[in-house]
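Notes follow once the structure below has been shown.
Protein chains: 2
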Amino acid sequence: MLVRRHRLVGEIVGLGRSQSNLDVALERKLIDTATRDPVEAARGSDLVVLATPIMAMPATLKAMVDYLPPDTVITDVGSVKGWVVRQLEPVLGPRMALVAAHPVAGKELTGASAADPELFKGRRAILTPSARSTPAAIAKIETLWGATGATVATMEPDVHDRILALASHLPQLAASSLANAIAEQRINGLLAADFGATGLRDTTRLALSSWEMWRDICLTNRDAIVDSLRLLQSSIVEFEKLVAAGDAKGLEVVFARARKMRERLQ
Amino acid sequence: MLVRRHRLVGEIVGLGRSQSNLDVALERKLIDTATRDPVEAARGSDLVVLATPIMAMPATLKAMVDYLPPDTVITDVGSVKGWVVRQLEPVLGPRMALVAAHPVAGKELTGASAADPELFKGRRAILTPSARSTPAAIAKIETLWGATGATVATMEPDVHDRILALASHLPQLAASSLANAIAEQRINGLLAADFGATGLRDTTRLALSSWEMWRDICLTNRDAIVDSLRLLQSSIVEFEKLVAAGDAKGLEVVFARARKMRERLQ
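Residue numbers (the numbering used here), protein chains in the order written: chain G, 1 to 266; chain Z, 1001 to 1266.
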């Protein structure tokens, strides 16, 4: 939507699994042509943006690589970068460049119908250049994300993954864990979840996200995610001890600390 | 705002701690007269709605009780009901009635400036009648909350507390725990929290809530809150094990279960 508006590209080919999603993309003029055939998508494409669940990226690129022009630039939008770089670099043709990227914005919705030109405005797009990134390819991907209104940042893939395990992957797992903890709980026959208000809804909103996407994030950023889950457990245990002890002063301190953190995000 | 609009009461007296908040309440016409003196507030009041942090309720009522008309009805809006009933009943004058109540709706904001006549619409107001509730007093409080557009439900105080420990107190503690877990984490000098997007913001929004209110909820609903925190820990450990094991199928199952729970809340 945005690269077309900014006239950054010529023809846009949409490669997808489901015809219905491709039809929505055509109808909303997000793409010029649609195909479910990777070979057809590859021919003549000088830029490939992989936007599948992470673990499908290597196979998707492999299916296209022999039919792509030799100097094609490959990028992606996955939430994990170390794994993507390690898996995609060996697949590239000898003159192709890879610039792995992660626009840090999202919705719990998926597909062409959820496309929103405002989504990236004021957010961050993180590029993680690696051995197979060329200065020209990096500049191209910077221009692409700059056009969305995002601030472009650059960092090492593994630094990205440890940061996002905390700032993005942990909130997702906290939301899904909270939803699962409450889901089936009944007190005197009453379903507890039925008595939640906006607080419960907001705190669990991320549980609506695509499990396919999140399964792959969990599988490709394991160590950093396990570390972040342990941090959250410590934080919960801290509350548990204070509640069990009836420690008013201690509770004030931890609630105030949490509030200060959240105020910084405003 | 709403009881005035529905002409359910005569004069409304606001008793508060801070003059600035009382001034906002006067200016917004939420109250007719303002006072910081419980004795002045008590005289002639045939209905008292306690809306302080929970643990301040007994002292607030004690300071008024000798100056209230003998048949005054007492109610409250606290998020814990067992403790409130146990603490307030012994304070009542011999002919007074108590109908403890909890409108299950809220914002992370406090004070008269946050008053919102739409807040309770479509939500639940839970009454927890007890030994000192009379049918006439219950009917009065039902009318009061019915006027807000809330659905009025009735249950035992301790059933309320166990349900809300899951549906409301746990989301609050999950949000504050998540905020604390991430707060000071730096990777290569970069503050992880700076890289969060709307997901992090939504999931931690409740951390902005009044620590004074939540400290008292934690102190007065200890056992049920400790139980709910342990449930959440089990749920997080379930994810941790699946991530550590790289169990794709298991992750799909738990993400899907969480999503199904959240879809029911829509």
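We put the CB at the ideal spot given by N, CA and C, even for glycine.
Where residue i falls: helix, strand or coil (DSSP)
i, result
"Asp247 (chain G)", "coil"
"Thr1151 (chain Z)", "strand"
"Asp1216 (chain Z)", "helix"
"Ile225 (chain G)", "helix"
"Thr134 (chain G)", "coil"
"Leu1022 (chain Z)", "helix"
"Val1099 (chain Z)", "strand"
"Val91 (chain G)", "helix"
"Val1048 (chain Z)", "strand"
"Asp1076 (chain Z)", "strand"
"Leu144 (chain G)", "helix"
"Arg1124 (chain Z)", "strand"
"Leu1008 (chain Z)", "coil"
"Glu191 (chain G)", "Correcting the residue identity first, residue 191 (chain G) is Leu in this sequence and not Glu. In this structure, Leu191 (chain G) counts as strand in the three-state DSSP scheme."
"Gly199 (chain G)", "helix"
"Ala1115 (chain Z)", "coil"
"Gln1266 (chain Z)", "coil"
"Met1057 (chain Z)", "helix"
"Pro1070 (chain Z)", "coil"
"Ser1168 (chain Z)", "helix"
Chain Z contact for residue i (CB, 7 Å cutoff)
i, result
"Gly82 (chain G)", "no"
"Leu265 (chain G)", "yes"
"Glu142 (chain G)", "no"
"Leu267 (chain G)", "In the structure as shown, chain G starts at 1 and stops at 266, and residue 267 (chain G) therefore has no counterpart that could be examined."
"Val159 (chain G)", "yes"
"Ala131 (chain G)", "no"
"Leu229 (chain G)", "yes"
"Glu40 (chain G)", "no"
"Arg95 (chain G)", "no"
"Asp232 (chain G)", "Note that residue 232 (chain G) corresponds to Leu in the displayed sequence, not to Asp. Interface residue, yes."
"Arg269 (chain G)", "Residue 269 (chain G) lies beyond the range of chain G shown here (1 to 266); nothing can be said about it."
Any C-beta of chain G under 7 Å from that of residue i
i, result
"Arg1186 (chain Z)", "no"
"Met1261 (chain Z)", "yes"
"Gly1122 (chain Z)", "no"
"Gln1087 (chain Z)", "no"
"Ser1235 (chain Z)", "yes"
"Glu1252 (chain Z)", "yes"
"Ile1225 (chain Z)", "yes"
"Val1243 (chain Z)", "yes"
"Gly1246 (chain Z)", "yes"
"Val1036 (chain Z)", "Val is not the amino acid found at residue 1036 (chain Z); the sequence shown has Arg there. Chain G contact via Cβ: absent."
"Glu1240 (chain Z)", "yes"
"Leu1127 (chain Z)", "no"
"Leu1219 (chain Z)", "yes"
"Arg1043 (chain Z)", "no"
Residues sharing a beta bridge with residue i, DSSP
i, result
"His1160 (chain Z)", "Per DSSP, none; premise fails for His1160 (chain Z)."
"Val13 (chain G)", "G:Thr33"
"Val1065 (chain Z)", "Beta-bridge pairing links Val1065 (chain Z) to no other residue."
"Val1084 (chain Z)", "Beta-bridge pairing links Val1084 (chain Z) to no other residue."
"Val1104 (chain Z)", "Z:Arg1124"
"Arg230 (chain G)", "DSSP output for Arg230 (chain G) lists no bridge partner at all."
"Arg993 (chain Z)", "Outside the displayed range of chain Z (1001 to 1266) lies residue 993 (chain Z), so it cannot be described from this structure."
Closest by C-alpha distance to residue i, when choosing among the options
i, options, result
"Ala42 (chain G)", "G:Gly16, G:Thr204, G:Arg259 and G:Ala193", "G:Gly16"
"Leu1231 (chain Z)", "G:Gly199, G:Asn180 and G:Arg201", "G:Asn180"
"Gly122 (chain G)", "G:Ala153, G:Gly149, G:Ser168 and G:Met96", "G:Gly149"
"Ser1079 (chain Z)", "Z:Val1104, Z:Gly1189, Z:Asp1247 and Z:Leu1229", "Z:Val1104"
"Arg1264 (chain Z)", "G:Glu184, G:Ile236 and G:Lys241", "G:Glu184"
"Ala136 (chain G)", "G:Leu26, G:Glu238, G:Pro157 and G:Asp46", "G:Asp46"
"Met1155 (chain Z)", "G:Gly189, G:Ser168 and G:Val84", "G:Gly189"
"Arg1259 (chain Z)", "G:Thr220, G:Leu173 and G:Val9", "G:Leu173"
"Thr128 (chain G)", "G:Thr33, G:Ile187, G:Asp23 and G:Leu98", "G:Leu98"
"Gly1014 (chain Z)", "Z:Val1048, Z:Met1057 and Z:Leu1088", "Z:Val1048"
"Gly1196 (chain Z)", "G:Lys62, G:Leu200 and G:His160", "G:His160"
Partners in chain A for residue i, counting only beta-carbon separations shorter than 9 Å
i, result
"Ala256 (chain G)", "In the structure shown, chain A does not exist; the protein chains are G and Z."
Cβ-based contacts, 7 Å cut-off: residues of the stretch 5-21 of chain G near chain Z: none
- prompt: Between the stretch 101-116 of chain G and chain Z, which residues of the former have a C-beta closer than 7 Å to a C-beta of the latter?
  reply: Val104, Ala105 and Gly106
- prompt: Between the stretch 203-214 of chain G and chain Z, which residues of the former have CB atoms less than 7 Å from a CB of the latter, in chain order?
  reply: Those residues of the stretch 203-214 of chain G that come within reach of chain Z (Cβ to Cβ, closer than 7 Å) are Thr203, Thr204, Arg205, Leu206, Ala207, Leu208, Trp211 and Trp214.
task: Check distances from the C-beta atoms of the stretch 1164-1185 of chain Z to those of chain G and list, in chain order, the residues that come in under 9 Å.
output: Leu1164, Ala1165, Leu1166, Ala1167, Ser1168, Leu1170, Pro1171, Gln1172, Leu1173, Ala1174, Ala1175, Ser1176, Ser1177, Leu1178, Ala1179, Asn1180, Ala1181, Ile1182, Ala1183, Glu1184 and Gln1185
Cβ-based contacts, 7 Å cut-off: residues of the stretch 50-67 of chain G near chain Z: none
Residues in the stretch 1189-1201 of chain Z having any Cβ partner in chain G nearer than 8 Å: Leu1190, Ala1192, Ala1193, Asp1194, Phe1195, Gly1196, Ala1197, Thr1198, Gly1199, Leu1200 and Arg1201
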